[in-house]
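Each remark here refers to the structure printed beneath this line.
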Amino acid sequence: MNFRRIQWIFLVAFIAIDIFLGVSLASDKPFTVTNKSASQEETILKEMNDDSISIGTLSTKHASGYYIASSGSGILQTKMSQLKNQTTSYSDGELNSTFNSTIKIDPKNPQKVLDKVVKNQNRVLFGTHYVYDERLSAEKDNSVVYVQKGPDLHVLSDDGQLRFKVRNHNLVTGYTQTYLNGIQTLREEETTISQKKAVIWLYQHNEIPNNSKIKWAKLGYVKLLSAKGSNVYIPTWVIGIQTKNTEGTQIRQINAFTGTLIKANSNLLNESSAK
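So that you can map any letter, position 181 of the sequence shown is 181 in the UniProt record's numbering, and since no number is skipped, the others follow by simple counting.
Written out as structure tokens, the structure is:
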């Protein structure tokens, strides 16, 4: 086959491709390549639907985070003498406070009042390091929960929480506080799996019962292990599940880097936390 003939073959091939793409665009049906992974996900989602598992709308966006380490809450004990108009004590890494006078809040929007309390350094230590979490507050009885900020993500385990104690739905009597001091990143930033992928993998681990719904799925730091006086935390998808005819919420955790199931250290909430 001579060179000129080869040139003509390539020319005809390019023209054919151009015509095909032009027709596709004109008909509003562009050429696509089948994504095998996406097809598998849709198959799994159909299986979940057949099992009467309601998942709502799940995000396919990817976030990022780090492996982080902290020396714990000990600094709270050394600084709690700075706090005023309250009685405080410290035990097992947790500061406990009782206000001299209760604080009235709106049960529907408690953060409107408590944000000011949190930012007052004479009322709460390191308060600007915390942010109100509506979901966790809804899952905790008689509490308003603030979570500690971390690199890119918030801390979702009990180790970095500010929990205001509420009486009669609208009177705050004090709080308990834990704190991740001296947070350090241990490795370079990594990309996490998406919310949708986390729920799918949780289902593949047989951790989502039939006739249930995914109430929420939050991404944040949860303790992975303790070593040499420090705790190590990892980005984790924390997923709340409610089964049919029950009010409690089951909590499950998926490693947001690897997709593996985290069974131990489920200290974010009790595994059957009543609303």
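All residues carry an ideal CB built from backbone N, CA and C; glycine is no exception.
Limits of the unbroken alpha helix (DSSP H) element including residue i
i: E134; result: 134 to 139
i: T78; result: 74 to 79
Pick from the options that is closest to residue i, judged by C-alpha positions
i: T260; options: Q242, I200, S212, D50; result: I200
i: M48; options: N210, T185, L83, S59; result: N210
i: V145; options: P151, T128, K165, H129; result: K165
i: V155; options: V238, E207, K46, T78; result: V238
i: A198; options: S59, S54, I105; result: S59
i: A227; options: S64, G72, A256; result: G72
i: Q161; options: L45, K149, S52; result: K149
i: L125; options: S52, Q195, Y221, S97; result: S97
i: P151; options: A63, D51, Q77; result: A63
i: Q77; options: G229, E94, Y132; result: E94
i: G182; options: V232, S157, L219; result: V232
i: L219; options: S143, Q204, N100, S194; result: S194
i: T243; options: E42, I53, E188; result: I53
i: L180; options: R135, D159, N120, E139; result: D159
i: G229; options: V147, S70, N142, V222; result: S70
i: residue 278; options: T249, N142, V172, K196; result: Nothing about residue 278 can be read from this structure; the chain reaches only from 1 to 275.
i: E42; options: T249, Y66, K196; result: K196
Residue i, DSSP secondary structure in three states
i: T192; result: coil
i: T178; result: coil
i: Q121; result: coil
i: H154; result: strand
i: I214; result: strand
i: I68; result: strand
i: A198; result: helix
i: L85; result: Strictly speaking, residue 85 in this sequence is Asn, with Leu absent from that position. Three-state DSSP puts N85 in coil, outside helix and strand.
i: S226; result: strand
i: I53; result: strand
i: T249; result: strand
i: T114; result: Note on identity: in this sequence residue 114 is Leu, with Thr being the wrong assignment. Helix, per DSSP.
i: I44; result: helix
i: G220; result: strand
i: T128; result: helix
i: S59; result: coil
Alpha-carbon to alpha-carbon, residue j and residue i
i: R163; j: G127; result: 12 Å
i: Y175; j: P107; result: 16 Å
i: E247; j: K213; result: 12 Å
i: A217; j: T88; result: 34 Å
i: I103; j: K112; result: 12 Å
i: Q82; j: T192; result: 39 Å
i: S137; j: Q40; result: 36 Å
i: K116; j: I105; result: 12 Å
i: K263; j: I75; result: 30 Å
i: L202; j: N245; result: 22 Å
i: V131; j: N85; result: 22 Å
i: Q121; j: H129; result: 11 Å
i: residue 334; j: V222; result: Nothing about residue 334 can be read from this structure; the chain reaches only from 1 to 275.
i: G56; j: H205; result: 20 Å
i: R123; j: E139; result: 25 Å
i: residue 282; j: M80; result: Residue 282 lies beyond the range of the chain shown here (1 to 275); nothing can be said about it.
i: H169; j: S101; result: 16 Å
i: N109; j: I234; result: 30 Å
i: L153; j: D133; result: 13 Å
i: L114; j: S143; result: 12 Å
i: K61; j: I241; result: 21 Å
i: T249; j: I44; result: 23 Å
i: D141; j: R167; result: 10 Å
i: Y66; j: D50; result: 36 Å
Cβ separation of residue i and residue j, assumed to be a contact under 8 Å, to the nearest whole Å
i: I68; j: T178; result: Wrong, their Cβ atoms sit about 15 Å apart, outside the cutoff.
i: T236; j: I254; result: 7 Å
i: E190; j: F257; result: 6 Å
Endpoints, the beta strand (DSSP E) within which residue i is located
i: I103; result: 94 to 104
i: I239; result: 230 to 243
i: S143; result: 143 to 148
i: F164; result: 161 to 167
Any chain C beta carbon closer than 7 Å to residue i
i: N206; result: Among the chains in the structure shown there is no chain C, since it carries only a single protein chain.
beta-carbon residue i near the ligand HEM non-hydrogen atom, thresh 6 Å
i: S157; result: Among the ligands in the structure shown, none appear at all, so the ligand HEM cannot be discussed.
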